[in-house]
Every structure is written in structure tokens, then in C-alpha cells.
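Sequential numbering of the first sequence, starting at 27, is according to our numbering.
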Amino acid sequence: MGRSPCCEKAHTNKGAWTKEEDDRLIAYIRAHGEGCWRSLPKAAGLLRCGKSCRLRWINYLRPDLKRGNFSEEEDELIIKLHGLLGNKWSLIAGRLPGRTDNEIKNYWNTHIRRKLMNRGIDPATHRPLGEASHDVTTTISFGGAKEEKEKISNPNGFIHKEEKKIPVQEKCPDLNLDLRISPPLHQTTQPEPLKTGGRTLCFICSLGVKNSKDCTCSIGSSAGSSSSSSSSGSSNSSTGYDFLGLNSGLLDYRSLEMK
DNA sequence: AAGAGTCGCAACCGCACTCAC
DNA sequence: AGTGAGTGCGGTTGCGACTCT
27 MGRSPCCEKA HTNKGAWTKE EDDRLIAYIR AHGEGCWRSL PKAAGLLRCG KSCRLRWINY
87 LRPDLKRGNF SEEEDELIIK LHGLLGNKWS LIAGRLPGRT DNEIKNYWNT HIRRKLMNRG
147 IDPATHRPLG EASHDVTTTI SFGGAKEEKE KISNPNGFIH KEEKKIPVQE KCPDLNLDLR
207 ISPPLHQTTQ PEPLKTGGRT LCFICSLGVK NSKDCTCSIG SSAGSSSSSS SSGSSNSSTG
267 YDFLGLNSGL LDYRSLEMK
């Protein structure tokens, strides 16, 4: 159908932001809040594209951003999450307070990739370099949703916004973007569901999906309980849900098995 | 000292998704 | 149901800073 450009390119500044532009943007958002990025530049007196304003705010000006070096713990968490989620930088960023998807993406490409290579691990597959990927694993395919539909029965689709993005068609068959969650090497049977305090976390819930009809546990599902059940059983104060159980220690990322 | 090469990060681009109409 | 505006996301690029020769 064709898309209209997000802004009038002829009359917009590009490139690095000046201090004055930053100040204008901060002042405007403080006064009016985020949102309506298309009209924001005009309203704020900025000769910038709305998308550019949004990016600048989210990646640089937001007051809750944690600037500075990544800690060793953050490094490891990023590696683990990347192993589970792939290049879903926004999801990964959601688990690292004060970090942005762009920052993590850059950090991955410049530091962690090299770090993994030095460890002899392929950063794309999280497997030892040169190892063929043909052992027993549970596959979450971001490329072949048809196959996955059968593995994880999902007749109605996930409710969680991010999960709805799991592609429905394989766009590039030559490119294997499969993510694999594997049992520990010594395990040959299906991994036990995650447990904490006598409660069991199903796979769907472990991925942070709220209120999924596919939930087979009692924590994240609303199919058989009210929405308050998820928040009451979690420790994430902002979202009411503990993605991957990392906050609660339910699933310690240090113990996530990566193959 | 200076030019070449490399690195790291901010910003841009284009596609995909959601939602209102 | 179709369309378009608004927004979000991931990949890529540009450029300044730094290192090497």
C-alpha cells in the first residue's frame, strides 16, 4: 500500500543532536509526557523527525538510563538471554533495568561477540565453534512457526504482545535462526518444569507470557484464574510478572543451560 | 608527528505491527 | 474488511576517538 514518510525530510536536521535540541526535547517531554512522536518535533520547536526524537529520548535522554560500563553479571545475563531469545534486543533490554535495546545491541556486537569467540563459542548459536547442531534439543523456531504450532499447541495465539510477533512464515529458509533450549547434557529426557516454593512454572510462563491459554501451570495462566494470580505469584514490581523467573530467583540465569 | 587502520557508539533506515476509523 | 497513521524494532551506517605504524 505504500507508506507516507514519517516526516518532512527536507526540513529536518540529521546527525548528532546538539545540547539545545536535547534540552528542548527533555523540557517538552517533562511538560507533556511521552507519546505522539510525529507531532512532537513541531510542538517542541525541533527540526527533527519524530522517530529521531523518540530514539534520542529512549536511548539517551531518558532519566532512568544507567550509563556506563556493563558489569560482569550483566554480560552473563545478556549472553544467557540472547541464547534464549536471539536478537530480540528489546526483550533482552526489558530484563536489564536502565539499559536500552540499542545499547545492548551495540554492546553485543562490539564486546560480547568477541568474548564468546574467545571462549570458542559461536555467538550466533551459543555452541562450541564448529560443532554441528544435531543433538537432542527442544527447538523454539522463530523461522518455522508451522512446525512450532504443533510442538506448542497454540490455537488462539499468545496474548503477550511480544509473543504475538513470533513469525508465521519462514522468510529465509537458508538462514537458520532457530533457538534451542536444551536440557543439561546429562539429561536425556524432557526437562523438569521449573519449580519454586512448590509451584511449577510451565514453558510458556517461563518466557514471560501472561495469561496465555497455553499456560499449563497455575502461575501465569488466566484461563482458570483471575489476572491477579500472576502478579501475586511474582516478584516483579513494575510489571507484576517475573520474566524467566529471574527476579525471584525462580530461574537463576546463572544456571540456565546453554548449548 | 602524521597518516592509516580499527573500534565503539549514536543515529538512521526501512519493515512490521497495532489500532482507530 | 480495508486503509493509513503512529509506533516499535532490528539491521546498518557514519563518524569521532583511539591505536598502530
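C-beta: ideal position from N, C-alpha, C; glycine also. Because the structure is a prediction, the values reported are computed rather than measured.
The continuous alpha helix (DSSP H) containing Asn128 extends over residues Asp127 to Tyr133.
By the 16-neighbour rule on beta-carbons within 10 angstroms, Pro123 is exposed. Ile147 has Pro154 as its beta-bridge partners, per DSSP. Apart from the 5 residues on each side of it in sequence, Met143 sits with its Cβ closer than 8 angstroms to the Cβ of Pro149 and Leu155 in its chain, given in chain order. Pro67: member of the alpha helix (DSSP H) spanning Leu66 to Ala70, first to last residue. In the displayed model, Gly41 falls within coil according to three-state DSSP, outside both helix and strand. Annotation for Gly71: Arg50 place their beta carbon closer than 7 angstroms to its own, counting only its chain and skipping 5 residues before and after. Between Tyr54 and Leu66 the beta-carbon gap is near 7 angstroms, inside 8 angstroms, which marks them as a contact. If you look at Trp115, you'll find it in the alpha helix (DSSP H) that goes Trp115 to Gly120. For Asp90, the three-state secondary structure derived from DSSP is coil. Contact check for Thr126 against Arg82 fails: the beta carbons are separated by 9 angstroms or more.
In this structure, DSSP gives Gly109 a helical state, which the three-state scheme calls helix.
Of the residues Glu47, Lys45, Glu46 and Ser78, the one whose Cα lies closest to the Cα of Gly61 is Ser78. When rounded, the separation of the alpha-carbon atoms in Gly120 and Ala42 is 26 angstroms. Residue state for Leu73 is assigned as coil, using DSSP reduced to three classes.
Under the criterion of beta carbons closer than 8 angstroms, Arg153 and Ile147 qualify as touching, at roughly 7 angstroms.
Annotated as proximal: Trp115 and Asn128, with beta-carbon spacing under 9 angstroms.
Burial check for His108: the Cβ neighbour count within 10 Å reaches 16 or more, so the residue is buried. Residue nearest to Arg93 within the set Lys68, Arg64, Thr151 and Ile130 is Ile130 (criterion: CA-CA distance).
When the alpha-carbon of Lys40 is set against those of Ala57, Gly76, Arg56 and Ala69, the nearest one is in Gly76.
Using a 10 angstroms sphere on the CB of Glu47, the tally of other CB atoms reaches 16 or more, which defines it as buried. A check of alpha carbon separations from Glu102 across Ile52, Lys45, His58 and Arg145 identifies Arg145 as the nearest.
Secondary structure at Ser97: coil, using DSSP grouped into helix, strand and coil. Distance between Ile105 and Glu99, taken at the CA atoms: about 10 angstroms. Put simply, the backbone Cα of Ala69 is about 10 angstroms away from that of His58.
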